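**Student:**
There are 2 protein chains.
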Amino acid sequence: MSVTIALDAMGGDHGPQVVVPAALKVLSEMEDVRLILTGDQDLLCGLVAAHHGTLGARLIVQHASQKVEMDEAPSQALRTKKDSSMRVAINLVKSGKADACVSAGNTGALMAIARFVLKTLPGIDRPAIVSALPTIQGHCYMLDLGANVDSSAENLYQFALMGSVLASAIDNVPEPSIGLLNIGTEVIKGNEQIKQAGRMLTQSHLNYVGFVEGDDVYEGCVDVVVCDGFVGNVALKSSEGVARMVRYYLRESFQRNFLTRLAGLLVRPVLKTFRERMDPRRYNGANLLGLNGVVIKSHGGADITAFAHAIRIAVIEARKDVPKHISAHIEPWLLEGQAV
Amino acid sequence: MSVTIALDAMGGDHGPQVVVPAALKVLSEMEDVRLILTGDQDLLCGLVAAHHGTLGARLIVQHASQKVEMDEAPSQALRTKKDSSMRVAINLVKSGKADACVSAGNTGALMAIARFVLKTLPGIDRPAIVSALPTIQGHCYMLDLGANVDSSAENLYQFALMGSVLASAIDNVPEPSIGLLNIGTEVIKGNEQIKQAGRMLTQSHLNYVGFVEGDDVYEGCVDVVVCDGFVGNVALKSSEGVARMVRYYLRESFQRNFLTRLAGLLVRPVLKTFRERMDPRRYNGANLLGLNGVVIKSHGGADITAFAHAIRIAVIEARKDVPKHISAHIEPWLLEGQAV
Numbered sequence: 001m002s003v004t005i006a007l008d009a010m011g012g013d014h015g016p017q018v019v020v021p022a023a024l025k026v027l028s029e030m031e032d033v034r035l036i037l038t039g040d041q042d043l044l045c046g047l048v049a050a051h052h053g054t055l056g057a058r059l060i061v062q063h064a065s066q067k068v069e070m071d072e073a074p075s076q077a078l079r080t081k082k083d084s085s086m087r088v089a090i091n092l093v094k095s096g097k098a099d100a101c102v103s104a105g106n107t108g109a110l111m112a113i114a115r116f117v118l119k120t121l122p123g124i125d126r127p128a129i130v131s132a133l134p135t136i137q138g139h140c141y142m143l144d145l146g147a148n149v150d151s152s153a154e155n156l157y158q159f160a161l162m163g164s165v166l167a168s169a170i171d172n173v174p175e176p177s178i179g180l181l182n183i184g185t186e187v188i189k190g191n192e193q194i195k196q197a198g199r200m201l202t203q204s205h206l207n208y209v210g211f212v213e214g215d216d217v218y219e220g221c222v223d224v225v226v227c228d229g230f231v232g233n234v235a236l237k238s239s240e241g242v243a244r245m246v247r248y249y250l251r252e253s254f255q256r257n258f259l260t261r262l263a264g265l266l267v268r269p270v271l272k273t274f275r276e277r278m279d280p281r282r283y284n285g286a287n288l289l290g291l292n293g294v295v296i297k298s299h300g301g302a303d304i305t306a307f308a309h310a311i312r313i314a315v316i317e318a319r320k321d322v323p324k325h326i327s328a329h330i331e332p333w334l335l336e337g338q339a340v
Numbered sequence: 001m002s003v004t005i006a007l008d009a010m011g012g013d014h015g016p017q018v019v020v021p022a023a024l025k026v027l028s029e030m031e032d033v034r035l036i037l038t039g040d041q042d043l044l045c046g047l048v049a050a051h052h053g054t055l056g057a058r059l060i061v062q063h064a065s066q067k068v069e070m071d072e073a074p075s076q077a078l079r080t081k082k083d084s085s086m087r088v089a090i091n092l093v094k095s096g097k098a099d100a101c102v103s104a105g106n107t108g109a110l111m112a113i114a115r116f117v118l119k120t121l122p123g124i125d126r127p128a129i130v131s132a133l134p135t136i137q138g139h140c141y142m143l144d145l146g147a148n149v150d151s152s153a154e155n156l157y158q159f160a161l162m163g164s165v166l167a168s169a170i171d172n173v174p175e176p177s178i179g180l181l182n183i184g185t186e187v188i189k190g191n192e193q194i195k196q197a198g199r200m201l202t203q204s205h206l207n208y209v210g211f212v213e214g215d216d217v218y219e220g221c222v223d224v225v226v227c228d229g230f231v232g233n234v235a236l237k238s239s240e241g242v243a244r245m246v247r248y249y250l251r252e253s254f255q256r257n258f259l260t261r262l263a264g265l266l267v268r269p270v271l272k273t274f275r276e277r278m279d280p281r282r283y284n285g286a287n288l289l290g291l292n293g294v295v296i297k298s299h300g301g302a303d304i305t306a307f308a309h310a311i312r313i314a315v316i317e318a319r320k321d322v323p324k325h326i327s328a329h330i331e332p333w334l335l336e337g338q339a340v
């Protein structure tokens with residue numbers, strides 16, 4: 001199935017310097033994919049040529065005269081950047097000219113503009129940021145990773161529903177197992193929202209397995225981990241921090257002296273396998289789930305490899321039409337709840 | 001300075017099988033330390049003998065007829081286990097017969113009993129769980145790690161004050177830098193409690209440097225990281241999970257085939273250095289900070305090495321008399337706030 005992906009070519013720390021070569025990389029690898037670069041037309045056409053790419057049926061440029069800055073307030077970007085590369089990319093999804101969009105730009109602005117332009121799906125109060133995380137057994141999906149703070153029990157329930165549909169659609173798991181992130185053996189087991197969400201999930205048709213703790217996430221004991229955005233963001237970033245520290249320790253252990261450096265050379269292929277498996281670029285590309293359209297957020301600092309991965313995720317989700325699946329699984333009471 | 005530490009010898013997954021040899025290990029290493037084992041007298045005396053230890057001036061047993069179970073409700077333990085090894089150990093701190101106590105038992109029960117018996121320090125509303133965490137530069141202290149959920153701005157402020165005093169007392173840092181754990185570039189930067197705590201800390205005499213994110217923790221950019229207990233617990237356990245996954249990946253990379261296993265043998269000393277640096281046992285021993293006495297919580301599953309480390313932490317904190325230092329730094333407005 002042919003899909004078209006709009007790429008915010010000006011977003012992210014490196015802008016078109018990363019987006020253009022990543023786009024060409026994906027086009028060379030994947031059939032039946034069309035890409036639309038949004039941003040400064042002259043700049044983008046020049047870069048495509050410089051990277052030996054050709055504009056045509058599979059790669060076109062859609063001019064956008066503005067750019068959302070990385071530190072710009074989302075409300076300001078929404079109000080004043082109506083011709084930004086980010087907004088133009090989202091508009092292409094809205095108009096149906098693209099099946100999904102990818103941006104490495106300002107997360108807050110992306111969420112605000114996508115929500116304004118595309119709207120949330122009926123029955124979903126707030127979109128959530130979801131990403132696949134590596135586990136010992138493979139991967140799991142965790143949401144919300146930072147779009148919402150102070151999530152209510154109803155929000156958490158909606159996250160669980162959306163995560164379940166996503167895991168099912170992408171990985172062909174019939175009934176993805178869902179865990180609610182909580183604190184375990186400590187004094188007070190979770191707050192009221194979590195307890196209430198647990199009760200709602202127990203009574204639902206979803207494959208809810210109960211509370212999970214932070215360390216369970218990486219064991220891979222569930223397919224979907226549900227949590228408030230503040231908690232999820234801290235968990236994700238702490239995990240990234242630990243992984244970085246471990247890589248630092250490992251490098252340092254092999255660089256202590258001549259002998260350890262020699263040992264490092266001998267085991268280079270093994271360490272390469274290890275590093276590749278740990279490579280965070282393999283997991284770049286988070287989903288703004290719950291919108292009426294597929295919007296993928298790349299890390300701002302993504303390089304070509306990482307941004308290409310985010311494009312591939314957009315292709316997969318566009319092909320699977322995840323928003324349609326979510327709509328099909330929204331329960332009547334969620335729609336009623338929203339109508340009130 | 002001679003100190004006496006009470007050890008809940010029946011607590012934890014392994015009880016006296018770990019506590020007794022760990023106690024003997026510490027006694028053989030450290031001068032001027034006296035240990036009191038609380039629990040079943042006959043069992044403990046037998047185990048001390050079996051491990052070739054001698055009871056006497058430096059090691060005594062204080063009989064306790066009960067034991068708090070690992071899954072027991074804190075309220076029940078508080079009400080019905082008045083002669084438990086845990087409570088007897090805490091009572092020894094209360095009566096001044098011990099300068100600190102260590103338990104690997106049920107965290108909730110330990111917090112409830114310690115709070116009931118020892119009380120919180122004047123000006124401190126809730127005790128917090130704090131532990132040292134490894135960073136690229138050394139270590140930092142993080143609190144709260146799970147004693148409190150839904151912490152108010154005032155609670156967070158008190159955690160910051162206590163963490164600052166702890167880091168200053170233990171590491172001799174004159175003005176420890178303090179960061180408030182928040183989410184960064186995402187849609188909504190933190191909730192009201194965190195924003196308010198940030199304002200309070202900015203106006204205080206503490207060396208507050210601002211918000212930090214999850215990945216900053218392990219960079220070691222601050223001496224003290226302050227957060228709500230739910231968030232801290234999830235961050236800590238996620239970090240443990242990632243570290244475990246990384247060790248698993250690394251082991252697996254070296255065990256793929258004959259050649260990689262051979263490579264693993266060649267770099268054994270390097271990997272040993274790395275593993276030692278990553279060893280979570282080196283960080284075993286969390287502090288229940290804010291109580292009128294030093295109470296150290298060991299991981300429930302601690303082995304001899306890990307439990308011995310928790311005892312050493314108790315010795316250091318008892319010698320430094322951390323609760324006295326906290327009391328000396330409590331600001332008048334905190335006492336007034338509490339009187340209302």
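Protein sequences, first through last, are from chains A and B. Note that the UniProt record's numbering has the first sequence beginning at 1, numbered continuously upward. Note that the UniProt record's numbering has the second sequence beginning at 1, numbered continuously upward. Quick reminder that beta carbons are idealized off the backbone N, C-alpha and C, glycines included. Since the model is a prediction, treat every value here as computed from it, not as a measurement.
#1: Name, going along the chain, the residues of the stretch 228-257 of chain B whose beta-carbon falls closer than 8 angstroms to a beta-carbon of chain A.
#2: What residues from the stretch 166-183 of chain B come within 7 angstroms of chain A, judged by C-beta to C-beta, listed N to C?
#3: For the beta strand (DSSP E) that residue 342 of chain A lies in, which residues bound it at each end?
#4: Taking contact to mean at least 3 C-beta pairs separated by less than 8 angstroms, is the stretch 209-229 of chain B in contact with the stretch 248-262 of chain B?
#5: Please report the straight-line C-alpha distance between residue 327 of chain B and residue 156 of chain B, rounded to a whole angstrom.
#6: Assuming residue 118 of chain A and residue 301 of chain A form a contact by the criterion Cβ under 8 angstroms, report the distance between their Cβ atoms to the nearest whole angstrom.
#7: Sort B/228, B/74, B/12 by Cα distance to residue 153 of chain B and report the nearest one.
#8: Does residue 274 of chain B get closer than 8 angstroms to chain A when you measure Cβ to Cβ?
#9: Give the single residue among A/10, A/17, A/202 whose Cα lies nearest to the Cα of residue 304 of chain A.
#10: Quick one: Cα of residue 181 of chain A to Cα of residue 158 of chain B, how far?
#11: Can you pull the chain B neighbours of residue 163 of chain A, defined as C-beta to C-beta under 7 angstroms?
#12: Counting only Cβ pairs nearer than 7 angstroms, list the residues of chain A close to residue 136 of chain B.
#13: Residues in the stretch 200-222 of chain A with C-beta within 8 angstroms of chain B's C-beta atoms, listed in sequence order?
#14: Comparing the C-beta of residue 143 of chain B with each C-beta of chain A, is any distance below 8 angstroms?
#15: At a CB distance below 7 angstroms, what residues from the stretch 264-291 of chain B approach chain A? Give them in sequence order.
#16: Would you list, in sequence order, the uninterrupted beta strand (DSSP E) runs of no fewer than 3 residues that lie entirely inside the stretch 192-244 of chain A?
#17: If you measure between the beta carbons of residue 280 of chain A and residue 317 of chain A, is that distance less than 8 angstroms?
#18: Taking Cβ-Cβ distances shorter than 7 angstroms, what residues in chain B pair up with residue 260 of chain A?
#19: With residue 319 of chain A and residue 1 of chain A assumed to form a contact (beta carbons below 8 angstroms), what rounded beta-carbon distance in angstroms separates them?
#20: With three or more beta-carbon pairs closer than 8 angstroms as the criterion, would you say the stretch 7-14 of chain B touches the stretch 36-54 of chain B?
#21: Would a check of beta-carbon distances place residue 330 of chain B closer than 8 angstroms to chain A?
#22: Would you kindly work out how many angstroms separate the C-alpha atoms of residue 92 of chain A and residue 113 of chain A, rounded to a whole number?
#23: Say whether chain A places a C-beta atom closer than 8 angstroms to the C-beta of residue 11 of chain B.
#24: By DSSP, does residue 332 of chain B sit in helix, in strand, or in coil?
#25: Closer than 7 angstroms by C-beta to residue 44 of chain B: which residues in its own chain qualify, once you throw out the five before and the five after it? Chain order, please.
#26: Using a Cβ-Cβ distance cut-off of 8 angstroms, determine whether residue 417 of chain A contacts chain B.
#27: Look at the Cβ atom of residue 23 of chain B, then the Cβ atom of residue 78 of chain B, and state whether they are nearer than 8 angstroms.
#28: Taking the alpha carbon of residue 183 of chain A as the reference point, which residue from A/71, A/120, A/232 has its own alpha carbon closest?
#29: Can you have a look at residue 75 of chain B and say buried or exposed, based on whether 16 or more other CB atoms are within 10 angstroms of its CB?
#30: Which of the three DSSP states is assigned to residue 152 of chain A in this structure?
#31: Expressed to the nearest angstrom, what Euclidean distance is found between the alpha-carbon atoms of residue 111 of chain B and residue 151 of chain B?
#32: Name, in chain order, the residues that DSSP records as bridge partners for residue 8 of chain B.
#33: Note down, one range per segment and in chain order, each alpha helix (DSSP H) of at least 4 residues found wholly within the stretch 12-64 of chain B.
#34: In terms of alpha-carbon separation, which member of B/51, B/197, B/165 lies closest to residue 330 of chain B?
#35: Using the three-state DSSP reduction, which class does residue 134 of chain A fall into: helix, strand or coil?
#36: With 16 as the cutoff for other CB atoms within 10 Å, does residue 32 of chain B come out buried or exposed?
**Tutor:** Taking the definition as stated:
#1: Within the stretch 228-257 of chain B, the residues whose Cβ lies closer than 8 angstroms to some Cβ of chain A are 229, 230, 231, 233, 234, 235, 236, 237, 238, 239, 240, 241, 242, 243, 244, 245, 246, 248, 249, 250, 253, 254, 256, listed in chain order.
#2: With the criterion set as a beta carbon lying under 7 angstroms from some beta carbon of chain A, the members of the stretch 166-183 of chain B are 181, 183, in sequence order.
#3: The displayed coordinates of chain A run from 1 to 340. Any statement about residue 342 of chain A would go beyond what the structure contains.
#4: At 8 angstroms Cβ cutoff, the stretches do not touch.
#5: The residue given as residue 327 of chain B occupies position 327 in the second sequence. The residue given as residue 156 of chain B occupies position 156 in the second sequence. Distance from the CA atom of residue 327 of chain B to the CA atom of residue 156 of chain B, rounded to whole angstroms, is 17 angstroms.
#6: Here residue 118 of chain A is taken as the residue at index 118 of the first sequence, counted from 1. Here residue 301 of chain A is taken as the residue at index 301 of the first sequence, counted from 1. The Cβ separation is near 26 angstroms, so there is no contact.
#7: As a working note, residue 153 of chain B is residue 153 in the second sequence. Put simply, of B/228, B/74, B/12 the residue whose alpha carbon is nearest the alpha carbon of residue 153 of chain B is B/228.
#8: Along the second sequence, one-based indexing puts residue 274 of chain B at 274. With 8 angstroms as the cut-off, residue 274 of chain B counts as an interface residue toward chain A.
#9: To locate residue 304 of chain A, count along the first sequence from 1; it is residue 304. Checking every option, the nearest Cα to that of residue 304 of chain A belongs to A/17.
#10: For this step, residue 181 of chain A is matched to residue 181 along the first sequence. For this step, residue 158 of chain B is matched to residue 158 along the second sequence. Between residue 181 of chain A and residue 158 of chain B, the C-alpha separation is close to 26 angstroms.
#11: Start at 1 with the first residue of the first sequence, and residue 163 of chain A comes out as number 163. Chain-order list of chain B residues neighbouring residue 163 of chain A: empty, with the shortest C-beta distance near 17 angstroms, by a criterion of under 7 angstroms.
#12: Locating residue 136 of chain B in the second sequence gives position 136, where the first residue counts as 1. Result: 245, 248.
#13: Under the 8 angstroms Cβ criterion, the stretch 200-222 of chain A contributes 213, 214, 215, 216, 217, 218, 219.
#14: Taking the first residue of the second sequence as 1, we reach residue 143 of chain B at position 143. Contact of residue 143 of chain B with chain A is not assigned, every C-beta pair being separated by 8 angstroms or more.
#15: Cβ contacts with chain A: 266, 267, 270, 273, 274, 277, 278.
#16: DSSP runs (the beta strand (DSSP E)) wholly in the stretch 192-244 of chain A: 207-212, 224-226.
#17: To locate residue 280 of chain A, count along the first sequence from 1; it is residue 280. To locate residue 317 of chain A, count along the first sequence from 1; it is residue 317. It is not a contact, given that the beta carbons lie outside the stated cut-off.
#18: Position 260 of the first sequence holds residue 260 of chain A. What residue 260 of chain A touches in chain B: 270.
#19: Residue 319 of chain A sits at position 319 when you count from the first residue of the first sequence. Residue 1 of chain A sits at position 1 when you count from the first residue of the first sequence. Confirmed, Cβ separation roughly 5 angstroms.
#20: With a cut-off of 8 angstroms on Cβ pairs, the stretch 7-14 of chain B is in contact with the stretch 36-54 of chain B, counting three or more such pairs.
#21: Position 330 of the second sequence holds residue 330 of chain B. Using a Cβ-Cβ cut-off of 8 angstroms, residue 330 of chain B does not count as an interface residue toward chain A, since no Cβ of chain A sits closer than that to its own.
#22: The residue given as residue 92 of chain A occupies position 92 in the first sequence. The residue given as residue 113 of chain A occupies position 113 in the first sequence. Taking the straight line joining both Cα atoms gives about 13 angstroms.
#23: On the second sequence, position 11 is the one that residue 11 of chain B refers to. Against chain A, the CB of residue 11 of chain B has no partner CB under 8 angstroms away; the residue lies outside that interface.
#24: As a working note, residue 332 of chain B is residue 332 in the second sequence. Here residue 332 of chain B sits in helix by DSSP.
#25: What you label residue 44 of chain B is simply residue 44 of the second sequence in a count that begins at 1. Short of 7 angstroms from the beta carbon of residue 44 of chain B, and not among the five residues preceding or following it, lie these beta carbons of its own chain, in chain order: 9, 16, 20, 37, 61.
#26: In the structure as shown, chain A starts at 1 and stops at 340, and residue 417 of chain A therefore has no counterpart that could be examined.
#27: By 1-based counting over the second sequence, the position of residue 23 of chain B is 23. By 1-based counting over the second sequence, the position of residue 78 of chain B is 78. Not in contact: residue 23 of chain B and residue 78 of chain B (Cβ atoms no closer than 8 angstroms).
#28: Numbered from 1 along the first sequence, position 183 holds the residue referred to as residue 183 of chain A. Residue A/232 is the option with its Cα nearest to residue 183 of chain A.
#29: Position 75 of the second sequence, counting from 1, holds the residue named residue 75 of chain B. Residue 75 of chain B should be labelled exposed.
#30: Here residue 152 of chain A corresponds to residue number 152 of the first sequence, with the count starting at 1. Residue 152 of chain A falls in the coil class under three-state DSSP.
#31: The residue given as residue 111 of chain B occupies position 111 in the second sequence. The residue given as residue 151 of chain B occupies position 151 in the second sequence. Roughly 16 angstroms between the two C-alpha positions.
#32: Stepping through the second sequence from its first residue, residue 8 of chain B is reached at position 8. B/38, per the DSSP bridge assignment.
#33: Secondary structure in the stretch 12-64 of chain B: the alpha helix (DSSP H) runs of 4 residues or longer, each lying completely within the stretch, are 16-29, 41-50 in chain order.
#34: Within the second sequence, numbered from 1, the residue matching residue 330 of chain B stands at position 330. Just measuring C-alpha positions, the residue of B/51, B/197, B/165 sitting nearest residue 330 of chain B is B/165.
#35: By 1-based counting over the first sequence, the position of residue 134 of chain A is 134. Reduced to three states, the DSSP call for residue 134 of chain A is strand.
#36: The residue you call residue 32 of chain B lines up with position 32 of the second sequence. Here residue 32 of chain B is exposed, its C-beta having fewer than 16 other C-beta atoms within 10 Å.
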